[in-house]
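Peer 1:
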Amino acid sequence: MIEGLTPAQTGALTVINQCASALSFVGTFFIVMCYVLFKDLRSFAFKLVFYLSLSDMLASLFNMLGNPGEGFLCYAQGYSSQFFSIASFLWTTTISFTLHRAAVKHKTDGEGFGAIFHVYVWGTSLMMTIIPLIGNDYGPAGAWCWVQSETAAGKVLRFMTFYLPLWGAILFNGIAYFQVIRVINNATSMATELSDRQLQVQTRVDMKALNRYGYYPLILIGSFTFGTINRIYGFVEQHHPLFWLYCLDIASASLMGFFNSIAYGYNSSVRRVLQEKLDLIWPEKYRWWTSGFTRLDNSGEAEMVSLEADQGP
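Counting with the numbering used here, you get residues 66 to 378 for the letters of the sequence shown.
Given below as structure tokens:
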């Protein structure tokens with residue numbers, strides 16, 4: 066049971082976590098299957114989204130266990146939730162890095178960092194998962210199993226191995242996003258003043274890429290805003306937790322994968338591919354989506370140019 070909350074409130078948080086995680090699992094499973102089934106979507110930018118979604122999906126799967134109590138499932142939930150949750154928000158930093166490199170530094174060699182990204186994400190996640198394991202600090206943690214926080218050492222471990230990397234990722238994403246927006250706005254103003262058509266086209270491409278792939282870093286920030294507020298409040302009022310704040314914290318964090326799936330489905334390239342596949346197997350007279358769901362042009366392809374054209378450093 067979470068300190069300061071009643072057993073009923075703790076149980077309610079478990080249910081909220083399970084339900085929100087189930088939605089995220091369904092959403093991220095959709096992204097993973099799109100990537101596996103449709104070769105047209107296996108571009109580098111979508112690879113980053115795929116690994117982000119795969120991490121979200123596996124984290125959600127173990128969160129759906131609820132509160133398994135003591136035993137193997139408890140430890141499996143604790144290890145896996147820690148590992149895949151950290152991997153999830155670290156993958157958003159690779160998307161921010163790629164966007165920043167394309168829009169600010171005008172370098173489209175992001176795919177060359179693929180191996181480095183994997184070492185960075187999986188290696189960091191593994192290290193942050195092993196550290197609490199050394200002191201046998203995984204176990205029942207209130208409404209689920211995770212790093213236990215009954216002791217001061219446990220609270221420090223949570224901060225060092227989860228919240229510190231999380232807030233570092235949020236800070237990095239925020240700075241990268243701000244710089245990308247500033248550069249695009251400056252370039253747009255300059256292109257308008259100089260009537261430079263080529264520059265106008267490039268800025269539109271950069272803005273489309275930002276609108277499509279900039280959602281994922283922003284979703285991370287939004288998903289853990291209430292969690293950050295809850296942690297800060299917990300430091301100030303350690304023995305007087307706010308149940309409603311816990312509800313917002315758990316719901317928003319557990320729905321991160323679901324929000325990512327909405328951002329993914331909003332992408333015109335994804336919708337176009339889905340339309341093409343559905344048109345092959347669905348009778349024309351029953352195609353209700355053709356009136357508005359997928360009236361798409363080739364703009365989706367242009368969104369990918371600034372991220373994926375390999376023009377060297």
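C-beta: ideal position from N, C-alpha, C; glycine also.
1) Does DSSP classify residue 221 as helix, strand or coil?
2) Which value, in whole angstroms, describes the spacing of the CA atoms of residue 177 and residue 134?
3) Based on the DSSP output, what are the partners of residue 139 in its beta bridges?
4) Rounded to a whole number of angstroms, what is the C-alpha to C-alpha distance between residue 82 and residue 322?
5) Assuming residue 114 and residue 329 are in contact, meaning their beta carbons sit under 8 Å apart, how far apart are those beta carbons, in whole angstroms?
6) Which partner residues of residue 212 appear in the DSSP bridge assignment?
7) Skipping 5 residues on each side, what residues in its chain have a beta carbon closer than 8 Å to that of residue 200?
8) The alpha helix (DSSP H) spanning residue 98 covers which residue range?
9) Can you tell me whether DSSP reads residue 378 as helix, strand or coil?
10) For residue 151, count neighbouring C-beta atoms within 10 Å of its own C-beta (all shown protein chains included) and say buried if the count is 16 or more, exposed if not.
11) How do the stretch 237–245 and the stretch 110–124 stand: do at least 3 beta-carbon pairs fall below 8 Å, yes or no?
12) Going straight from the alpha carbon of residue 129 to that of residue 153, what length do you get?
13) With DSSP as the reference, label residue 300 as helix, strand or coil.
14) With three or more C-beta pairs closer than 8 Å as the rule, is the stretch 132–146 touching the stretch 156–169?
15) Indicate whether the contact test is met: 3 or more Cβ pairs, each with one atom in the stretch 280–288 and one in the stretch 304–313, closer than 8 Å.
Peer 2: The structure says:
1) In the sequence shown, residue 221 corresponds to position 156, counting from 1. In this structure, residue 221 counts as helix in the three-state DSSP scheme.
2) Residue mapping note: residue 177 aligns to position 112 of the sequence shown, counting from 1. Residue mapping note: residue 134 aligns to position 69 of the sequence shown, counting from 1. Roughly 44 Å separates the two Cα atoms.
3) The residue you call residue 139 lines up with position 74 of the sequence shown. None; residue 139 has no bridge partner.
4) Stepping through the sequence shown from its first residue, residue 82 is reached at position 17. Stepping through the sequence shown from its first residue, residue 322 is reached at position 257. One C-alpha to the other measures close to 13 Å.
5) Stepping through the sequence shown from its first residue, residue 114 is reached at position 49. Stepping through the sequence shown from its first residue, residue 329 is reached at position 264. That pair is a contact at about 6 Å.
6) The count along the sequence shown starts at 1 and reaches residue 212 at position 147. For residue 212, which the question treats as bridged, DSSP gives the partners 203.
7) The sequence position of residue 200 within the sequence shown is 135, counting from 1. For residue 200, where only same-chain residues beyond five positions count, the Cβ hits under 8 Å are 218, 222.
8) Numbered from 1 along the sequence shown, position 33 holds the residue referred to as residue 98. That run of the alpha helix (DSSP H) goes 72–102.
9) Walking along the sequence shown from the start, residue 378 turns up at place 313. Because the pLDDT at residue 378 is just 32, under 50, the model does not fix this residue reliably, and the value given afterwards should be weighed accordingly. Three-state result, residue 378: coil.
10) Here residue 151 corresponds to residue number 86 of the sequence shown, with the count starting at 1. Taking all protein chains in view, the Cβ of residue 151 is crowded by 16 or more other Cβ atoms within 10 Å, so the residue is classified as buried.
11) Taking a contact to require three or more Cβ pairs closer than 8 Å, the stretch 237–245 and the stretch 110–124 do not qualify as touching.
12) Numbered from its first residue, the sequence shown carries residue 129 at position 64. Numbered from its first residue, the sequence shown carries residue 153 at position 88. So the two alpha carbons sit approximately 17 Å from each other.
13) Position 235 of the sequence shown, counted from the start, is the residue given in the question as residue 300. In this structure, residue 300 counts as helix in the three-state DSSP scheme.
14) Contact fails: fewer than three Cβ-Cβ distances are below 8 Å.
15) Counting C-beta pairs closer than 8 Å gives fewer than three between the stretch 280–288 and the stretch 304–313, which falls short of the contact rule.
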